[in-house]
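Notes to accompany the following structure.
There are 2 protein chains.
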Amino acid sequence: MGVSERRIRERLDARQSILATARELFLLKGFEATTIRNIAEKIEYSPSTIYQHFKDKNEIFYTIHSESFAELVRYLNASEMHKNPMDQLIALGQIYIQFALENPELYDLMFIMEAPIDFLDYLEDANWTEGKMAFDYLKSVIANCIQQGLIKETDLESLSYLIWSTVHGLVTISIRKRGLKIGLSDPDTIIQRSFAIFSHLLVKS
Amino acid sequence: MGVSERRIRERLDARQSILATARELFLLKGFEATTIRNIAEKIEYSPSTIYQHFKDKNEIFYTIHSESFAELVRYLNASEMHKNPMDQLIALGQIYIQFALENPELYDLMFIMEAPIDFLDYLEDANWTEGKMAFDYLKSVIANCIQQGLIKETDLESLSYLIWSTVHGLVTISIRKRGLKIGLSDPDTIIQRSFAIFSHLLVKS
DNA sequence: TTTTTTAATGAACAATGTTCTAAAAAAAAA
DNA sequence: TTTTTTTTTAGAACATTGTTCATTAAAAAA
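Chains A and B supply the protein sequences, listed in that same order. 1 is the number of the first residue of the first sequence in this note's numbering; add one for each residue after it. 206 is the number of the first residue of the second sequence in this note's numbering; add one for each residue after it.
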């Protein structure tokens with residue numbers, strides 16, 4: 001029965017080309033300017049066909065958001081070259097920042113925009129698996145630091161949330177264009193310097 | 206010539222009622238659901254009349270954004286009761302967080318949403334005065350801390366950006382609904398705890 | 001070849017921000 | 001008071017958006 005397998009493959013191909021096009025347009029023009037009709041035109045389908053593959057626009061961008069987490073994880077994996085958990089933690093922060101600055105639109109989609117979370121809400125799914133896993137990974141590295149006495153013992157969850165928040169804050173001020181507008185000469189440089197200061201605060205405690 | 210003065214007053218009244226209604230609907234339903242027609246209906250004007258007072262929707266929300274800064278400043282002023290600049294700095298952070306948690310929609314508009322910045326871009330105005338002034342105020346308090354030897358001397362701009370980023374990150378993860386979705390029991394509590402940890406890191410350095 | 005299932009389309013809907021022309025109202029001039 | 005001018009308001013219209021639904025075309029099964 002190779003027929004139905006081919007059908008499945010064709011459906012998947014269509015789905016993939018929708019996603020690829022949506023991603024391309026999104027990176028080029030942003031969320032609002034990436035319209036269903038725009039995507040449809042590019043893959044030479046009618047707009048309504050897209051709704052056979054995705055419930056709505058939010059699901060498309062939820063999917064791109066999920067895929068982007070795979071990309072982030074690929075970045076973060078590089079931190080495992082460090083044996084010392086403190087070195088790894090700092091590398092983690094640096095790589096996280098690097099990912100955000102190199103892929104600002106994707107970072108926006110993953111951590112700022114409402115579309116992916118709205119889709120989760122529609123699913124009545126309280127679990128943001130992608131975020132949870134990333135946060136758990138961060139927690140585990142920090143736990144190692146505490147265990148080895150490299151960081152003063154404190155509530156793991158709060159400290160992890162603090163560290164995540166700090167790097168998140170550093171990059172989102174820039175991504176949502178508040179950085180340039182307060183007269184910072186070069187946002188990227190300031191982000192690096194600020195993170196360096198934060199790193200020193202952490203190890204010294 | 207009391208006539209033209211009355212006209213001016215009437216124009217201002219109309220403007221104010223547009224803003225008040227926009228603000229009310231925005232706090233109730235959010236940015237997208239606050240439509241020009243919606244505002245017009247509520248103040249019993251035609252949609253097109255609104256465009257005599259504001260260039261576009263972005264200008265309306267830029268104005269609300271600006272007004273909200275006055276509110277934030279009112280919050281922050283309470284920090285001046287502290288003589289010790291370090292105490293003031295920490296109070297500043299706590300109050301900033303308090304403002305964000307008590308007015309999440311306004312905070313969103315001021316520091317996350319694109320509408321106000323887009324309007325600045327239209328004006329070709331690189332100066333985000335509201336943000337700049339708030340940041341300068343933060344810098345001055347931090348400068349006092351450094352001067353009095355309460356914080357280790359580092360690049361003022363980077364340290365200020367770090368501190369701002371940290372509180373910004375703490376609250377925006379929650380505001381853009383990433384907090385609950387990773388299984389944090391109570392986001393507000395965690396934010397407080399995380400900030401407490403951060404405060405300790407700062408003073409100890 | 002005929003029937004059934006699947007996929008794709010095109011038209012349509014309601015809603016949006018925004019613009020433009022014509023009407024109404026108010027003020028100024030006569 | 002009447003006429004002219006200016007200002008304000010409204011209504012219709014436009015292009016676009018996400019989304020739905022009945023109909024057509026295509027493919028697979030019988």
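Yeah, the Cβ is synthetic: ideal placement off N, Cα and C, and Gly gets one too. Keep in mind that this is a model prediction, so the values were computed, not measured.
- When the Cα atoms are used, F274/B and I64/A turn out to be separated by approximately 35 angstroms.
- In the structure shown, S253/B falls within a helical segment according to DSSP collapsed to helix, strand and coil.
- Per DSSP, reduced to three states, the secondary structure at Q353/B is coil, with no helix or strand assignment.
- Pairing L361/B with K337/B gives a Cβ-Cβ distance that is not under 8 angstroms.
- In chain order, I175 place their CB closer than 6 angstroms to the CB of P104/A, counting only its own chain and leaving out the 5 sequence neighbours on each side.
- At a beta-carbon threshold of 8 angstroms, the residues of chain B lying near T154/A are I402, ordered along the chain.
- Listed along chain A, the residues sitting closer than 8 angstroms to K386/B by beta-carbon distance are I117, L120, A126, N127, W128, G131, K132.
- Using a CB distance cut-off of 8 angstroms, E10/A does not count as an interface residue toward chain B.
- A check of alpha carbon separations from R398/B across Y96/A, T154/A, Y62/A identifies T154/A as the nearest.
- The C-beta separation of I322/B from K177/A comes to about 5 angstroms, placing the pair in contact by the 8 angstroms criterion.
- Listed in chain order, the alpha helix (DSSP H) elements of length 4 or more contained wholly in the region 361–391 of chain B are 361–380.
- Per DSSP, reduced to three states, the secondary structure at A331/B is coil, with no helix or strand assignment.
- For the region 3–43 of chain A, the continuous alpha helix (DSSP H) assignments of 4+ residues that do not extend past its boundaries occur at 36–42, in sequence order.
- Contact with chain B is found for G169/A, since one of that chain's Cβ atoms lies less than 8 angstroms from the residue's Cβ.
- Separation of the CB atoms of I97/A and S79/A is rounded to 12 angstroms, and the pair is thereby denied contact status at 8 angstroms.
- Under the 8 angstroms criterion on CB atoms, L367/B is classed as interfacial with respect to chain A.
- The Cβ atoms of I223/B and I248/B sit closer than 8 angstroms to each other.
- Ranked by Cα distance from E124/A, the first of A401/B, E237/B, I351/B, K386/B is K386/B.
- DSSP places M291/B inside the alpha helix (DSSP H), whose first and last residues are 290–307.
- Proximity of chain B to F135/A at the Cβ level (cut-off 8 angstroms) is accounted for by I387, in chain order.
- Leaving aside the five residues that flank A296/B on each side, the residues in its chain whose CB is nearer than 7 angstroms to its CB run, in chain order, S284, H287.
- Using beta-carbon distances, F99/A does not count as an interface residue toward chain B, since no partner is under 8 angstroms.
- For the region 251–263 of chain B, no residue has a beta-carbon sitting nearer than 7 angstroms to a beta-carbon of chain A.
- At least one CB atom of chain B sits nearer than 8 angstroms to the CB of K177/A.
- For the pair A196/A and G93/A, the Cα-to-Cα distance works out to about 10 angstroms.
- Chain-ordered, the chain B residues with CB closer than 8 angstroms to the CB of L159/A read S399, I402.
- With fewer than 16 other beta carbons inside 10 angstroms of its own, K29/A counts as exposed.
- Cα atoms of V141/A and Q88/A: separation of roughly 7 angstroms, rounded to the nearest angstrom.
- Between Y312/B and A305/B, the beta carbon gap of about 4 angstroms places them in contact (Cβ cut-off 8 angstroms).
- Spatial neighbours of R228/B in its own chain (CB-CB distance under 6 angstroms, excluding positions within 5 residues in sequence) are listed in chain order as I269.
- Between P290/B and L355/B a beta carbon distance of about 7 angstroms is seen, short of the 8 angstroms cut, so the two are scored as contacting.
- Boundaries of the alpha helix (DSSP H) around E276/B: 262–282.
- Residue contact check for L407/B against chain A: a CB pair falls below 8 angstroms.
- When DSSP states are grouped into helix, strand and coil, H82/A belongs to the coil group.
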